[in-house]
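Asker:
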Amino acid sequence: QQPVQSPQAVILREGEDAVINCSSSKALYSVHWYRQKHGEAPVFLMILLKGGEQKGHDKISASFNEKKQQSSLYLTASQLSYSGTYFCGANSGNTPLVFGKGTRLSVIA
Amino acid sequence: DTAVSQTPKYLVTQMGNDKSIKCEQNLGHDTMYWYKQDSKKFLKIMFSYNNKELIINETVPNRFSPKSPDKAHLNLHINSLELGDSAVYFCASSQVGAGNTEAFFGQGTRLTVV
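In the order they appear, the protein sequences are chains Y and B.
Our numbering puts the last residue of the first sequence at 114; the count rises by one with no breaks.
Our numbering puts the last residue of the second sequence at 1440; the count rises by one with no breaks.
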């Protein structure tokens, strides 16, 4: 079952913050976040496993609420390099990784 | 060393032809995938192979057939190509279940059917 992402698109000015949400109707074992730039393959950002952990590096972090079956990606003090399409992927135990429809993020100067 | 490699990178072909895209991973992962990304940029899962067993097969036409000669390879064969098959196809691999890892993607194959 495909996770649902919101918003579909967002435009930010450099230095602004953004939150991208991902939810599922099925119990989740792990949530993955990827960023894809135009003409390139998706690039892994982070993975969150069942247990409610929060991860982050640099100014990008994420949380995973397994009870609500939701994950959020937090982008703080956005930079031009953050532009791209963000995908959340989810699986339940041994099931394959299925992606949401993506959130297009544009950071402008 | 490239973790997931797929060939070719570009493929232009006429309607009605049969073509294959190859994918190989050297990560020792037990699961490989094929995703289709259309002009709207949706990453739609097409197939997944876990230890050579097909474990998910979305509503894709049976003109598409995955072939996995071993755990490190998952090729995609497409018969009777149609205009609507034009898209970017990504191969990926990961470890699911215990030891769950991120998915590593190949560079993508841009298929154009004319």
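We put the beta carbon where it would ideally sit given N, CA and C, even for glycine.
Cβ of VAL103(Y) less than 8 angstroms from any chain B Cβ?
Answerer: Position 98 of the first sequence, counting from 1, holds the residue named residue 103(Y). With 8 angstroms as the cut-off, VAL103(Y) counts as an interface residue toward chain B.
Asker: For chain Y, check one thing: does any of its Cβ atoms lie closer than 8 angstroms to the Cβ of VAL1422(B)?
Answerer: By 1-based counting over the second sequence, the position of residue 1422(B) is 96. Residue contact check for VAL1422(B) against chain Y: a CB pair falls below 8 angstroms.
Asker: What does the Cβ neighbour count give for ASP1411(B), buried or exposed, with the cut at 16 atoms within 10 Å?
Answerer: For the purposes of this step, residue 1411(B) is taken as the residue at position 85 of the second sequence. It counts as buried.
Asker: Secondary structure at SER1346(B), three-state DSSP: helix, strand or coil?
Answerer: Working through the second sequence from its first residue, we reach residue 1346(B) at position 20. Residue state, collapsed to three classes: strand.
Asker: To the nearest angstrom, how far is the alpha carbon of THR108(Y) from that of THR81(Y)?
Answerer: The sequence position of residue 108(Y) within the first sequence is 103, counting from 1. The sequence position of residue 81(Y) within the first sequence is 76, counting from 1. Distance between the alpha carbons of THR108(Y) and THR81(Y) is about 16 angstroms.
Asker: Counting contacts by CB-CB distance shorter than 8 angstroms, is GLN1351(B) in contact with chain Y?
Answerer: Position 25 of the second sequence, counting from 1, holds the residue named residue 1351(B). By this cut-off, GLN1351(B) is not an interface position.
Asker: Out of curiosity, what's the CA-to-CA distance linking ILE193(Y) and TYR39(Y)?
Answerer: It is not possible to answer for residue 193(Y), since the shown part of chain Y is limited to 6 through 114.
Asker: Throw me the rounded Cβ distance for the GLU1408(B) and PHE49(Y) pair, which I believe falls under 8 angstroms.
Answerer: As a working note, residue 1408(B) is residue 82 in the second sequence. As a working note, residue 49(Y) is residue 44 in the first sequence. The Cβ separation is near 32 angstroms, so there is no contact.
Asker: Examine the Cβ distances between the segment 1371-1381 of chain B and the segment 94-105 of chain Y and report whether three or more of them are shorter than 8 angstroms.
Answerer: yes
Asker: Give a yes or no on whether the minimum CB-CB distance between GLY1354(B) and chain Y is below 8 angstroms.
Answerer: Walking along the second sequence from the start, residue 1354(B) turns up at place 28. False, the Cβ-Cβ gap to chain Y never drops below 8 angstroms.
Asker: For SER1346(B) versus LEU1402(B), is the C-beta spacing smaller than 8 angstroms?
Answerer: Locating residue 1346(B) in the second sequence gives position 20, where the first residue counts as 1. Locating residue 1402(B) in the second sequence gives position 76, where the first residue counts as 1. Yes, these two residues count as a Cβ contact at 8 angstroms.
Asker: Does the separation of the CB atoms of PHE1416(B) and GLN1340(B) fall below 8 angstroms?
Answerer: For the purposes of this step, residue 1416(B) is taken as the residue at position 90 of the second sequence. For the purposes of this step, residue 1340(B) is taken as the residue at position 14 of the second sequence. The Cβ atoms of PHE1416(B) and GLN1340(B) do not sit closer than 8 angstroms to each other.
Asker: If you follow the beta strand (DSSP E) that ASN1401(B) is in, where does it begin and where does it stop?
Answerer: Looking up residue 1401(B) in the second sequence gives position 75. Looking at the DSSP string, the run of the beta strand (DSSP E) that includes ASN1401(B) is 1401-1404.
Asker: Alpha carbon to alpha carbon, how far is CYS27(Y) from THR90(Y)?
Answerer: Residue mapping note: residue 27(Y) aligns to position 22 of the first sequence, counting from 1. Residue mapping note: residue 90(Y) aligns to position 85 of the first sequence, counting from 1. Answer to the nearest angstrom: the Cα atoms are 14 angstroms apart.
Asker: Cutting at 6 angstroms between CB atoms, please list the residues of its own chain near ALA1279(B), excluding the five before and the five after it.
Answerer: For chain B, the structure presents residues 1327 to 1440; residue 1279(B) sits outside this window and is missing.
Asker: Please report the distance separating the alpha-carbon of LEU53(Y) from that of GLY1342(B).
Answerer: Translated into positions along the first sequence, residue 53(Y) becomes position 48. Translated into positions along the second sequence, residue 1342(B) becomes position 16. If I take the Cα positions, the gap works out to 43 angstroms.
Asker: What residues from chain B crowd round LYS106(Y), counting only those whose CB sits closer than 7 angstroms?
Answerer: Along the first sequence, read from residue 1 onward, the residue named residue 106(Y) stands at position 101. What LYS106(Y) touches in chain B: PHE1368.
Asker: ASP1396(B) to THR1333(B), Cα distance in whole Å?
Answerer: Taking the first residue of the second sequence as position 1, residue 1396(B) is located at position 70. Taking the first residue of the second sequence as position 1, residue 1333(B) is located at position 7. Cα to Cα, the separation comes out at about 17 angstroms.
Asker: Since I believe ASN1383(B) is in contact with ASP1344(B) (beta carbons under 8 angstroms), could you give me their beta-carbon distance rounded to a whole number of angstroms?
Answerer: For this step, residue 1344(B) is matched to residue 18 along the second sequence. For this step, residue 1383(B) is matched to residue 57 along the second sequence. In this structure ASP1344(B) is not in contact with ASN1383(B), their Cβ atoms being roughly 20 angstroms apart against a cut-off of 8 angstroms.
Asker: Could you tell me if TYR1336(B) is buried or exposed, where buried requires 16 or more neighbouring beta carbons within 10 angstroms of its beta carbon?
Answerer: The residue given as residue 1336(B) occupies position 10 in the second sequence. Exposed: under 16 other Cβ atoms inside 10 Å.
Asker: For the segment 45-74 of chain Y, list every residue whose C-beta sits within 7 angstroms of some C-beta in chain B, in sequence order.
Answerer: ALA46, PRO47, PHE49, ILE52, LEU54
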